[in-house]
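According to the numbering used here, the residues represented by the sequence shown are 735 to 1098, in order.
Beta carbons: idealized from backbone N, C-alpha and C, even for Gly.
Source: prediction; values computed, not measured.
To keep things clear, I will list the structure first and then write my remarks on it.
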Amino acid sequence: MIGAGQAGLSAAYHLRRHGFGSALAAPDAERTYVVLDANPGPGGAWQHRWESLHVDKLNRIFDLPGLPQPDMDPDEPSRDAVPRYFSAFEQRYGLPILRPVRVVSVDYADDDEDGDLVVRTDSGVWVARAVVNATGTWDNPVLPPYPGGDAFRGRQLHTRDYGALEDFEGQRVAIVGGGISAVQQLEEISRVAETFWYTRREPVFVEGDFEPETTGRATIEKVIADVEAGRPTGSVVGYTGLGWTPYARAARDRGALVRRPMFAAIERDGVREADGSFTPLDAILWATGFKAALRHLDPLYLRGSLGGITMRGTQVRGEPRVHLIGFGPSQSTVGANRAGREAVTAIVRYLDEGFADEVAGVAV
735 MIGAGQAGLS AAYHLRRHGF GSALAAPDAE RTYVVLDANP GPGGAWQHRW ESLHVDKLNR
795 IFDLPGLPQP DMDPDEPSRD AVPRYFSAFE QRYGLPILRP VRVVSVDYAD DDEDGDLVVR
855 TDSGVWVARA VVNATGTWDN PVLPPYPGGD AFRGRQLHTR DYGALEDFEG QRVAIVGGGI
915 SAVQQLEEIS RVAETFWYTR REPVFVEGDF EPETTGRATI EKVIADVEAG RPTGSVVGYT
975 GLGWTPYARA ARDRGALVRR PMFAAIERDG VREADGSFTP LDAILWATGF KAALRHLDPL
1035 YLRGSLGGIT MRGTQVRGEP RVHLIGFGPS QSTVGANRAG REAVTAIVRY LDEGFADEVA
1095 GVAV
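Next comes the structure, spelled out in structure tokens:
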């Protein structure tokens, strides 16, 4: 297993339930697994979120399998509350997690279509029959190149670099992006700074609450259609639209939720607007999202002609040794839990059919 966020922990739990032993404690057992996590501690990407992202601002975090989440203080930073829950889960089930271990590449050991996979890390090499990838997106921020960007004398940063609204007090700040993080950070920063909100397209706000069994199911169906066709998937908001959350309403009521079309260029002291006017700025915050962090899988040549990875469930089409979870239709927390179970079920079936008499390992 590569990655120990929600999807990775779910898969590790189901491997344990299917009788896989720890590759650390019993490496000679018939079937073993190990979790390789690049982070310094439990919590996946949650441990890196900005301090002011409190529990009450989170979209729903679904329970990990077998351990309902405890009551969380709505005023506690999510980067403390969620990792504490993940840590309790890891300890309860004694999961074999190595960290910090960064996976550099995954490659084929040879030309055998049922052969081993070689997982190279910054701490050594693992050989596995199958790999479950759960690396998420946090390590692959989208930073679009923009004319004049190198000339800007102010501060430029991405969502993942955002610390606290106090860093922008009294400044003129451009916030670029039409997603959830952009609206959250716009609302916060606009309390202490003059803000300007830029998006490529007019944002679409949707009335009503997000319902997992209706809105969620329809969204997943759209994403599944994309991955099964081998198309790259878009952002979550691109499928769902933006909800009228309390922070979106607060930004609207304060007059900050006023969208501008993307500027034409960045200059030394600000941006040149689409209409030719100039807006001076002290900082540009690129809330432009993330893409799946899959570069380490490049040696496997999984991408097709359309630029996406064709999937059937969690399995890469035509490659039963590789499963992607927390990816495509399983990016949500509820989807991640289901994907962990689905990936393990498919791997067990694959190993039972093809390697019943051999020792099998899974790098998860």
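What does DSSP give as the partner residue(s) for residue i in the beta ladder?
i: T929; result: V907
i: V1050; result: M1045, E1053
i: A999; result: R1006
i: S839; result: R854
i: H1030; result: For H1030, which the question treats as bridged, DSSP gives no partner whatsoever.
i: V940; result: G977
i: A1017; result: R889, V907
i: R993; result: W931
i: N1085; result: The residue asked about is misnamed: residue 1085 is Leu in this sequence, not Asn. Partner(s): none; L1085 has no beta bridge.
Quick one: grab the DSSP three-state call for residue i.
i: A862; result: strand
i: A741; result: helix
i: I923; result: helix
i: S812; result: helix
i: H752; result: coil
i: I1043; result: coil
i: G977; result: strand
i: W780; result: helix
i: A759; result: coil
i: R889; result: strand
i: I914; result: helix
i: P817; result: helix
i: R983; result: helix
i: T1079; result: helix
i: L899; result: helix
i: L787; result: coil
i: L1036; result: coil
i: N867; result: strand
i: F796; result: coil
i: L726; result: The chain is shown from 735 up to 1098; residue 726 falls before or after that span and cannot be answered.
i: F823; result: helix
Using the Cβ count rule (16 or more neighbours within 10 Å means buried), how would you classify residue i?
i: E947; result: Unreliable positioning characterises E947 in this predicted model, as indicated by a pLDDT of 45, which lies under 50. The coordinate reading is nonetheless provided below. The residue in question, E947, is exposed, as its Cβ has fewer than 16 Cβ neighbours within 10 Å.
i: D848; result: exposed
i: A1077; result: buried
i: A1070; result: buried
i: P1011; result: Residue identity check: residue 1011 is Ser in the sequence provided, not Pro. Exposed.
i: P776; result: buried
i: W872; result: buried
i: Y1107; result: Any question about residue 1107 goes unanswered here, given that the chain covers just 735 to 1098.
i: L920; result: buried
i: S924; result: buried
i: P881; result: exposed
i: Y747; result: buried
i: P830; result: buried
i: E1001; result: buried
i: W978; result: exposed
i: R826; result: exposed
i: V910; result: buried
i: H915; result: A small fix is needed here, since residue 915 is Ser in this sequence, not His. By the 10 Å Cβ count, S915 comes out buried.
i: G1052; result: exposed
i: L758; result: exposed
i: V859; result: exposed
i: E1092; result: For E1092, the pLDDT reaches just 39, beneath the cut-off of 50, and the residue's location in the model is therefore unreliable, leaving the point undetermined.
i: R894; result: buried
i: V840; result: buried
Find the nearest neighbour of residue i within the set the options, judged by alpha-carbon distance.
i: I795; options: V816, L770, R894; result: V816
i: D771; options: M1045, D814, V853, D805; result: V853
i: F1061; options: R1083, N867, S839, P830; result: N867
i: V835; options: E824, D856, D884; result: D856
i: L801; options: F823, D1009, T979; result: F823
i: A999; options: P1014, L991, G989; result: P1014
i: R1046; options: V859, R965, E764, A1017; result: R965
i: P812; options: G1042, L787, P799, M996; result: Correcting the residue type first, residue 812 is Ser in the shown sequence and not Pro. Measuring from the Cα of S812, the nearest candidate turns out to be L787.
i: D1009; options: T1022, R994, I1018, G1023; result: R994
i: Q918; options: A757, Y981, V1005, G883; result: Y981
i: D1107; options: E922, V907, L899, G753; result: There is no way to answer for residue 1107, as the model of the chain reaches only from 735 to 1098.
i: V769; options: F939, V940, L832, G883; result: L832
i: G1041; options: L1019, L1028, D1086; result: L1028
i: A779; options: M735, G870, M806, D841; result: G870
i: T929; options: D809, G989, G753, A1026; result: G989
i: V876; options: K1025, T1048, H1057; result: K1025
If I measure Cβ to Cβ from residue i and keep anything under 8 angstroms in the same chain, skipping five residues before and after, which residues do I get?
i: V861; result: A843, D850, L851, V852, V853, G1095
i: G897; result: W784, E785
i: P799; result: S744, Y747, H748, N1071, G1074, R1075
i: A1090; result: In this predicted model, A1090 has a pLDDT of only 38, less than 50, meaning its place in the structure is not dependable enough to derive any value.
i: A1099; result: A query on residue 1099 cannot be resolved here, the shown segment of the chain reaching from 735 to 1098 and no further.
Tell me which same chain residues have a C-beta within less than 6 angstroms of the C-beta of residue i, skipping the five on either side of it?
i: Y819; result: Q803
i: G912; result: T933, P937
i: R1037; result: I1043
Give every residue of the same chain whose Cβ lies closer than 7 angstroms to the Cβ of residue i, excluding the five residues on either side of it in the sequence, and list them in chain order.
i: F902; result: I923, V926, A927, A1017
i: P774; result: R833, P834
i: K791; result: Q918, Y981
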